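Taken in order, these protein sequences are the chains called Z and U. Under the working numbering, think of the first position of the first sequence as 1, with each following residue one higher. Under the working numbering, think of the first position of the second sequence as 1001, with each following residue one higher. Heads up: the structure comes next, in structure tokens.
There are 2 protein chains.
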Amino acid sequence: MTNETEDLTSPECPAEETLKAVTGKWKPMIIRLALEGPLRFNTLLKQLPGSNKESVSNALKDLEGAGILIKNVIRLKPLHIEYTLSEKGKTITPILKTMEVLSAQACAKL
Amino acid sequence: MTNETEDLTSPECPAEETLKAVTGKWKPMIIRLALEGPLRFNTLLKQLPGSNKESVSNALKDLEGAGILIKNVIRLKPLHIEYTLSEKGKTITPILKTMEVLSAQACAKL
DNA sequence: TATGGTAGTCAATTTTTTCTGACTTATTGC
DNA sequence: GCAATAAGTCAGAAAAAATTGACTACCATA
Chain Z
1 MTNETEDLTS PECPAEETLK AVTGKWKPMI IRLALEGPLR FNTLLKQLPG SNKESVSNAL
61 KDLEGAGILI KNVIRLKPLH IEYTLSEKGK TITPILKTME VLSAQACAKL
Chain U
1001 MTNETEDLTS PECPAEETLK AVTGKWKPMI IRLALEGPLR FNTLLKQLPG SNKESVSNAL
1061 KDLEGAGILI KNVIRLKPLH IEYTLSEKGK TITPILKTME VLSAQACAKL
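This is the structure in structure tokens:
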């Protein structure tokens, strides 16, 4: 079955899509932190020293848009919002893990 | 044996080092093309439509500096320069390959 | 000596990304 | 009703990355 839909907006489509989802000043760290458990906005800001609301907010939106994080509103006493890694997000983490190993090798040489 | 060298310039060092080596508008494509064989400057420019000398030059320098590409001067008739993937470069390519699979999945959904 | 190919560099500009600080909305506690 | 906490948004400024066009250096051939 051939694909009939004309996909005018499609990129050249190599690793671009995934790379876009992972690049940005704060996204890799956010994914790493998401691996350890659900994220909350203000906590996250404190976990990312030097970051700022706007950038973290945008990164979260991008990661949510890319289907890597899932946003859930928790209707509890204080009412808060949690970001958790999706299944797709989990498939990306081995990539980051491999990168960490390569990075560690690079850092060891400094 | 503990590491005695004070490493003031070291980054936080997760996947950052590798990510930096791979990010930029042209670097992933350059690595992909390097997989297929040695690269030459002007040819590369033509293989990367929309690119420009300066950016490609900088990308090559970064990739060389990161130890991903190796620059060799070929002293022949026209005299040219070849960039080939290093062993380290080859260890990075499975990462890009995995990303391609994930990207393809993402593109398939568009 | 001029022309062409290869591999760039450099300064200035444009575009993109990130940062800052002020402001907003929703809910709870006093 | 008033302040506080949580989770943001928005406009403008600053910083970083990419683009442009002109220029350089090397070698070879006509």
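Beta carbons: idealized from backbone N, C-alpha and C, even for Gly. Model, not experiment: these values are computed from the prediction.
Alpha carbon of residue i to alpha carbon of residue j, nearest angstrom
{"i": "isoleucine 1081(U)", "j": "leucine 39(Z)", "result": "48 Å"}
{"i": "alanine 34(Z)", "j": "asparagine 1052(U)", "result": "38 Å"}
{"i": "proline 1028(U)", "j": "asparagine 1072(U)", "result": "21 Å"}
{"i": "threonine 43(Z)", "j": "proline 49(Z)", "result": "11 Å"}
{"i": "glutamate 36(Z)", "j": "leucine 85(Z)", "result": "9 Å"}
{"i": "glutamate 1016(U)", "j": "glutamine 47(Z)", "result": "16 Å"}
{"i": "glutamine 1105(U)", "j": "glutamate 54(Z)", "result": "29 Å"}
{"i": "tyrosine 83(Z)", "j": "lysine 61(Z)", "result": "10 Å"}
{"i": "valine 101(Z)", "j": "isoleucine 70(Z)", "result": "27 Å"}
{"i": "proline 1078(U)", "j": "threonine 1093(U)", "result": "31 Å"}
{"i": "lysine 20(Z)", "j": "serine 1103(U)", "result": "10 Å"}
{"i": "leucine 1076(U)", "j": "phenylalanine 41(Z)", "result": "59 Å"}
Residue(s) in a DSSP beta bridge with residue i
{"i": "valine 56(Z)", "result": "Note: valine 56(Z) sits in no beta bridge, so no partner."}
{"i": "leucine 39(Z)", "result": "Tyr83(Z)"}
{"i": "arginine 1069(U)", "result": "At residue 1069(U) the sequence reads leucine, which differs from the arginine that was named. Answer is Leu1085(U)."}
{"i": "isoleucine 1074(U)", "result": "His1080(U)"}
Contacts of residue i in chain Z (Cβ-Cβ under 7 Å)
{"i": "serine 1055(U)", "result": "Simply none; closest approach about 16 Å."}
{"i": "isoleucine 1092(U)", "result": "Leu102"}
Interface partners of residue i on chain U, CB under 7 Å
{"i": "isoleucine 95(Z)", "result": "Ile1095, Thr1098, Met1099"}
Residue i and residue j closer than 7 Å at C-beta
{"i": "isoleucine 68(Z)", "j": "lysine 88(Z)", "result": "yes"}
{"i": "threonine 1018(U)", "j": "methionine 99(Z)", "result": "yes"}
{"i": "threonine 23(Z)", "j": "threonine 1091(U)", "result": "no"}
{"i": "isoleucine 95(Z)", "j": "isoleucine 1095(U)", "result": "yes"}
{"i": "leucine 45(Z)", "j": "valine 56(Z)", "result": "yes"}
{"i": "tryptophan 26(Z)", "j": "alanine 59(Z)", "result": "yes"}
Neighbour list for residue i in chain Z, Cβ cutoff strictly below 8 Å
{"i": "threonine 1043(U)", "result": "Within chain Z, no residue comes near threonine 1043(U); the closest Cβ sits about 18 Å away, beyond 8 Å."}
Contact list for residue i against chain U, beta-carbon separation under 9 Å
{"i": "proline 182(Z)", "result": "Given that chain Z is displayed from residue 1 to residue 110, the structure contains no residue 182(Z) and the question cannot be resolved."}
With 7 Å as the limit, tell me which residues of the region 70-88 of chain Z have their beta carbon closer than that to any beta carbon of chain U; keep them in chain order. For the region 70-88 of chain Z, the beta-carbon criterion of a distance under 7 Å to any beta-carbon of chain U is satisfied by none of its residues.
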